[in-house]
Amino acid sequence: MKMPVLDKNFYPMIKALNDFDAEVKKSGNPIEVTIVAERSGGYNYVYKYNALKDGVNDALNFRIAERITKTILWVVGGFKISVAGSKSIYEYLKKAYTMEGLRAFDVEFMSGVYEKPFEVEWLEQDQIPEQKNASMRVGGYLKGCRIGFDAGGSDRKVSAVIDGEVVYSEEVVWNPKTTEDPTYH
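For the sequence shown, this note's numbering assigns the number 282 to the initial residue and increments by one for each residue that follows.
As structure tokens, then:
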């Protein structure tokens, strides 16, 4: 994996997950952990992953579970997190996701968005729900003014549209991927 040259301490999440997976496989005795984010209308998101057995490097287990849970909340949303497979991870997340805990901001924010108190609950394996999602058509409205911006790896584009008609469009060559000088950006 190519690592950044300007920040030697940067540790991308994908590397953390890959290193964690290797550690779990090396342990020879993984457990399956399920995290469910419940949303409005009975919709939910179900995520399963292998973790270390409770009591084996709990600090690492907790760090990965906390990062995965936070990511799920900010990608799909939710007012309730349910955990199955590890009582230790459940207890850690239950404590972290309180108004006094590590994730107090997330609790307050998600409680406000969903207008419900934030909860963390335990699930037995036979209580894990099927994932329930809904597709919604968004967009398609041409009335009004829109601005679009795309900062790509080789160029950047800007467009402006009024009532579906393009009134401005510009494409500029820009090579941030191949330029190591941070002042270029």
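Quick reminder that beta carbons are idealized off the backbone N, C-alpha and C, glycines included.
| message | Let's see if you can read the secondary structure: which residues bound the alpha helix (DSSP H) around residue 403? | response | Numbered from 1 along the sequence shown, position 122 holds the residue referred to as residue 403. Counting along the chain, residue 403 falls outside any alpha helix (DSSP H), though it belongs to the beta strand (DSSP E) covering 400 to 403.
| request: State buried or exposed for residue 350, treating a residue as buried only when at least 16 other CB atoms are found within 10 Å of its CB. | output: In the sequence shown, residue 350 corresponds to position 69, counting from 1. Buried, because 16 or more other Cβ atoms sit within 10 Å of the Cβ of residue 350.
| query | Skipping 5 residues on each side, what residues in its chain have a beta carbon closer than 7 Å to that of residue 414? | reply | By one-based count along the sequence shown, residue 414 stands at place 133. Excluding residues within five positions, the ones whose Cβ falls inside 7 Å are 324.
| request: Identify which residue in 423, 457 and 417 has its Cα closest to the Cα of residue 436. | output: As a working mapping, residue 436 is identified with position 155 in the sequence shown. Residue 436 has its Cα closest to that of 457, out of 423, 457 and 417.
| message | Within a Cβ cutoff of 8 Å, which residues of the same chain sit near residue 322, ignoring the five residues on either side of it in sequence? | response | As a working mapping, residue 322 is identified with position 41 in the sequence shown. So the qualifying residues of the chain are 415.
| request: Report the rounded CA-to-CA distance for residue 418 versus residue 388, giving the unit in angstroms. | output: In the sequence shown, counting from the first residue as 1, residue 418 sits at position 137. In the sequence shown, counting from the first residue as 1, residue 388 sits at position 107. Rounded to whole angstroms, residue 418 to residue 388 spans 29 Å at the Cα level.
| task | Let me know the alpha helix (DSSP H) ranges lying completely inside the stretch 360 to 421, each 4 residues or longer, listed in chain order. | result | 368 to 377 and 385 to 395
| Can you pull the DSSP bridge partners for residue 440? | The residue you call residue 440 lines up with position 159 of the sequence shown. DSSP lists 429 and 450 as partners of residue 440.
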